[in-house]
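Engineer: Below you'll find the structure I mean.
In full-length UniProt numbering, the protein residues as written are 1 to 433.
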């Protein structure tokens, strides 16, 4: 049998051959253009109402052309080719050769910028500097992974509420760079061309060189916000009306602009906290609590097994659910966006759970006159807690954008639980009759 690795290697070699042929064609085309026009542009309006700025050779990847849009100050970078080399060319603060290759395309001086490794795990490099009075220059260098790259400025380290500049290349090879106000994590909460950065007109561009993206911009400020938020968009995602889609990974760091020292970038800690919050709350409130109710309802003939099983399952569920609520409060403290319905239902479930624990500790003995009223209270409060918990699991999955896979899994569990409850309820009625 021919191993799969053979076909992978064959595919890679074929891709290299195609790219070599394409790059040779572009080299010939560039030489022809150079001999005709000496890479100079004529004054006047270009086709489509755009004014050509200047022409330069883009590191062997074809013809690069910058043009300014008459609608907004953002610049668009075009190339006649989107062929990439099989291996990525790394960028580093110790070597400025990669940035020097595209410095002619950046409309401001990049020779004296301070550089630091912003996000080592993702290959992010940030260069910045202050030029003139309250004018700050930034250049973000990142690998071209087929999605957008962005850098945001936050006063407290939280992504929501910050302002970011994002850049990406379209399928046609056009580079786009825009400012965004990060209002939340839901679709449509990050509108383009909004934010608190006073971007200088004609300075925001996206350049590409050797499988890396260079997002450059200038803005006016006495001092930038102390926290930088980095993000990488999903590969191949389509941005409808230039609205950002949810990132696949992000990091953050605190920066001392006077010394150029940045703290280590975090890689989505809040994302992990949300996962823990959802897992503990769903397992405790949404799975164990309904299971404990079924044990008390349908297995009383197995005395005293049902009692100890009931309090054990409900006790573990209460501990896990409470831990999930605490994790949710921590997310709220970290300014991770939430949902009012989800928070209200979570508080209601926690209150019902605490009432059940107090009822267990203060339960009257079986022969007491108030035992019947205690049973009613325990019955209805417990079922109210289960109803709120089940509803909140689905609300939480929608808030976390996990309704497709995790929602289907929990829906299957809930369907099995309901079906089993119906069967056991019918058997209970028949045995009572």
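Each residue gets a CB set at the ideal place from its N, CA and C atoms; glycine is no exception.
Beta carbon of residue 204, beta carbon of residue 177: below 8 Å?
Structural biologist: Position 204 of the chain shown holds residue 204. Position 177 of the chain shown holds residue 177. A contact, by the Cβ cut-off of 8 Å.
Engineer: Any chance you could list the beta strand (DSSP E) runs of at least 3 consecutive residues sitting entirely within the stretch 190-255, in chain order?
Structural biologist: Runs found: 205-209, 212-220, 227-232.
Engineer: Give the range of the alpha helix (DSSP H) segment to which residue 421 is assigned.
Structural biologist: For the purposes of this step, residue 421 is taken as residue 421 along the chain shown, with counting starting at 1. Note, residue 421: alpha helix (DSSP H), 405-432.
Engineer: Are the stretch 292-306 and the stretch 229-248 in contact at 8 Å, needing three or more beta carbon pairs?
Structural biologist: Short answer: they don't touch.
Engineer: Could you compute how far the alpha carbon of residue 433 sits from the alpha carbon of residue 301?
Structural biologist: What you label residue 433 is simply residue 433 of the chain shown in a count that begins at 1. What you label residue 301 is simply residue 301 of the chain shown in a count that begins at 1. Each residue's Cα considered, the two are about 15 Å apart.
Engineer: Since residue 168 contacts residue 233 with CB under 8 Å, what's their CB separation in whole angstroms?
Structural biologist: Counting from 1 along the chain shown, the entry for residue 168 is found at position 168. Counting from 1 along the chain shown, the entry for residue 233 is found at position 233. Indeed they touch by this definition, with Cβ atoms about 7 Å apart.
Engineer: Using a Cβ-Cβ cutoff of less than 6 Å, which residues in the same chain neighbour residue 159 once the five nearest sequence positions on both sides are dropped?
Structural biologist: Residue numbering aside, residue 159 sits at position 159 when the chain shown is read from its first letter. 182, 229, listed in sequence order.
Engineer: Taking the beta strand (DSSP E) that residue 181 belongs to, which residues open and close that run?
Structural biologist: To locate residue 181, count along the chain shown from 1; it is residue 181. Residues 175-181.
Engineer: List the residues that DSSP assigns as beta-bridge partners of residue 143.
Structural biologist: Taking the chain shown and counting its residues from 1, one reaches residue 143 at position 143. Answer by DSSP bridge pairing, in chain order: 212.
Engineer: Taking contact to mean at least 3 C-beta pairs separated by less than 8 Å, is the stretch 113-131 in contact with the stretch 185-204?
Structural biologist: Output reads no: the stretch 185-204 does not touch the stretch 113-131.
Engineer: So residue 348 is in the alpha helix (DSSP H); what residue range does that whole segment cover?
Structural biologist: Here residue 348 refers to the residue found at position 348 when the chain shown is read from its first residue. That run of the alpha helix (DSSP H) goes 340-361.
Engineer: Rounded to whole angstroms, what is the Cα-Cα separation between residue 373 and residue 383?
Structural biologist: Your numbering for residue 373 matches position 373 in the chain shown. Your numbering for residue 383 matches position 383 in the chain shown. Distance between the alpha carbons of residue 373 and residue 383 is about 16 Å.
Engineer: Whole angstroms are fine: how far does the CA of residue 348 sit from the CA of residue 99?
Structural biologist: Here the question's residue 99 lines up with position 99 in the chain shown. Here the question's residue 348 lines up with position 348 in the chain shown. Rounded to whole angstroms, residue 99 to residue 348 spans 55 Å at the Cα level.
Engineer: Nearest to residue 166 by alpha carbon, out of 103, 250, 108?
Structural biologist: Taking the first residue of the chain shown as position 1, residue 166 is located at position 166. Looking at the Cα atoms, 250 is the closest of the given residues.
Engineer: Determine the contact status of residue 388 and residue 352, defining contact as a CB-CB distance below 8 Å.
Structural biologist: Numbered from its first residue, the chain shown carries residue 388 at position 388. Numbered from its first residue, the chain shown carries residue 352 at position 352. Going by C-beta atoms, residue 388 is nearer than 8 Å to residue 352.
Engineer: For residue 137, write down the residues that DSSP places opposite it in a beta bridge.
Structural biologist: Here residue 137 is taken as the residue at index 137 of the chain shown, counted from 1. Answer is 129, 218.
Engineer: Got a sec, what are the start and stop residues for the alpha helix (DSSP H) residue 287 sits in?
Structural biologist: Numbered from its first residue, the chain shown carries residue 287 at position 287. Taken as a continuous stretch (DSSP letters only), residue 287 belongs to no alpha helix (DSSP H), as it is neither H nor E.
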